[in-house]
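**Student:** In terms of this note's numbering, the sequence shown opens at residue 88 and continues consecutively. One structure follows; several queries about it will come next.
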Amino acid sequence: MNIALILSGGTGVRLGTDIPKQYLKVDGKAILSYCMGTLFEHEEIDAVQIVAETVWQEEILRWMARLPEKEKFRGFSLPGENRQLSILHGLEDIRKYAAETDYVLIHDAARPMLSGEMIAECLQAGRRHEGAIPVLPMKDTVYRSENGKTITSLLDRGTIFAGQAPEVFLLGKYYAANRRLLPDAILRINGSTEPAVMAGMDIAMIPGDEGNFKITTPGDLERFKEILGRNADK
């Protein structure tokens, strides 16, 4: 079984809006609804778990009611102190109905441009390994700085990649990898794949998608609106 875990518990403070960015309406739909629709409709996704604050859950259920395959929804999980603890809460709930050998696909609610092809490619690569992550090569020269003010060293950008979502993991091993980081180390995790790499899991890299960007800044939001506008004009 393949379970999608949608992370929708963030506050979106960097966007400077009154409500979390994933709940902003764009073209009549909440940003969350775009990736939610893609995941529910995908034939390889068997179940969906959503991390969200209690105050938003009723609204999410109303949006979900308009989706085909809405019966795939298995429940809400509450956000944690940071992103990785939110993931752990989701994993704990998923393990109540899934097997250790199932796969979990983790995606950010604020990445609305997720494609069915990306879902399929991540799952295919994940099944051949113990997980998979889409990545983008670095285009700019990359420097390392110890103090944030002067350059310490030059990094080889040919060996540096930027991770995206969705990320796929073998459920049992990934859950154990996160548990090993409790109680404090998990608070220092920035990316979903970090616990898997730290635990020695076999994680494949696949080509990412420039269009699968995360809405973090006002510029990102405007970019998303422009893309929807262009698509509507076709």
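Glycine included, each C-beta is placed from N, C-alpha and C at the ideal position.
Between Q109, P224, D195 and K260, which has its C-alpha nearest D189's C-alpha?
**Tutor:** K260
**Student:** Pull the bridge partners of Y230 from the DSSP assignment, please.
**Tutor:** Residue pairing by DSSP places Y230 opposite L241 in a beta bridge.
**Student:** Determine the contact status of F163 and V138, defining contact as a CB-CB distance below 9 Å.
**Tutor:** It is a contact, given that the beta carbons lie within the stated cut-off.
**Student:** Let me check one thing: in DSSP terms, what residues is H194 bridge-paired to?
**Tutor:** Looking at the DSSP assignment, H194 forms a beta bridge with I93.
**Student:** Start and end of the alpha helix (DSSP H) containing Q136?
**Tutor:** Where Q136 is concerned, there is no enclosing alpha helix (DSSP H), although the beta strand (DSSP E) it sits in stretches over A134 to V138.
**Student:** Let me check one thing: in DSSP terms, what residues is G298 bridge-paired to?
**Tutor:** According to DSSP, which records beta bridges pairwise, G298 is partnered with nothing at all.
**Student:** Could you tell me the alpha carbon to alpha carbon distance between A291 and I220, rounded to whole angstroms?
**Tutor:** 6 Å
**Student:** Across which residues does DSSP place A207 in a beta bridge pair?
**Tutor:** Per DSSP, none; premise fails for A207.
**Student:** If you draw a straight line from the alpha carbon of K226 to that of R244, how long is it in whole angstroms?
**Tutor:** 8 Å
**Student:** In whole angstroms, what is the alpha-carbon distance linking C209 and M88?
**Tutor:** 14 Å
**Student:** Indicate whether the contact test is met: 3 or more Cβ pairs, each with one atom in the stretch 114 to 124 and one in the stretch 143 to 156, closer than 8 Å.
**Tutor:** yes
**Student:** Rank N169, S173, H129 and D180 by C-alpha distance to the C-alpha of P155 and give the top, closest one.
**Tutor:** H129
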